[in-house]
Amino acid sequence: MKKVIFLTTVFLLLALPIQAKVLPRFQTTGSGGTAKKAVYSGIYVAPKLRGDRKALIVYFSNLSRANNVSYSLTYQTNDQDQGVGGSIDISAGDAASRELFFGTCSAVCIDHTNITSMRFEVVSELTTGRKTIKRYRIRV
């Protein structure tokens, strides 16, 4: 008897109509007023703290969609502004990664402590001519 009730319940749940909504930012209206899925045309950026939380690892992809990409990381440590910046060589391939250490390195690397107000920014000029700026607030 329990099996029959279970199967009936499953059948009723599967028979119910499911309604899904497309988020407004992914909707565009065509000439006929129908919704189309918007395709992101920029580069992808994925910042992530390293396991010991002493560096930021950033993955870049879809670089073939950009003419140039630059980045900057700024933060405060013991009331002093610190930072690092750089750019990505687009001709090296469609993906790249960078490890940005929170400290200074010469003969020996010394990590910064008491880090606050960390911000990461990526500026890219796309092949379409559009310029994009992505900003991230990083919590250490």
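At position 121 of the sequence shown the residue is numbered 138 (this note's numbering), and the sequence of numbers has no breaks.
The beta-carbon is built from N, C-alpha and C at its ideal position, and this holds for glycine as well.
As the structure is a prediction and not an experimental result, all values here were calculated from the model.
Counting only the same chain and skipping the five closest in sequence on each side, list residues whose C-beta sits under 7 Å from that of residue i.
i    : result
R152 : R136 and E138
Y94  : Correcting the residue type first, residue 94 is Thr in the shown sequence and not Tyr. Closer than 7 Å at Cβ, skipping near neighbours: H129, T130, N131 and I132.
For residue i, which of helix, strand or coil comes out of DSSP?
i    : result
R82  : helix
S58  : coil
S123 : coil
Grab me the residues of residue i's own chain with a C-beta within less than 6 Å of its C-beta, minus the 5 sequence neighbours each way, in chain order.
i    : result
N79  : I60 and Y61
E142 : N84, N85 and K148
S81  : D111
A13  : As displayed, the chain neither begins before 18 nor continues past 157, which places residue 13 out of reach and without an answer.
Among the residues of its own chain, which have a CB less than 8 Å from the CB of residue i, if the five just before and after it don't count?
i    : result
G102 : S87, Y88, S89 and L90
D128 : K71, F118, F119 and G120
List the DSSP bridge partners of residue i.
i    : result
A72  : F118
I155 : M135
G146 : Answer by DSSP bridge pairing: none, since G146 is not bridged.
**Study point:** Validate contact between the stretch 68-77 and the stretch 99-118 using beta carbons, cut 8 Å, 3 pairs
**Key:** yes
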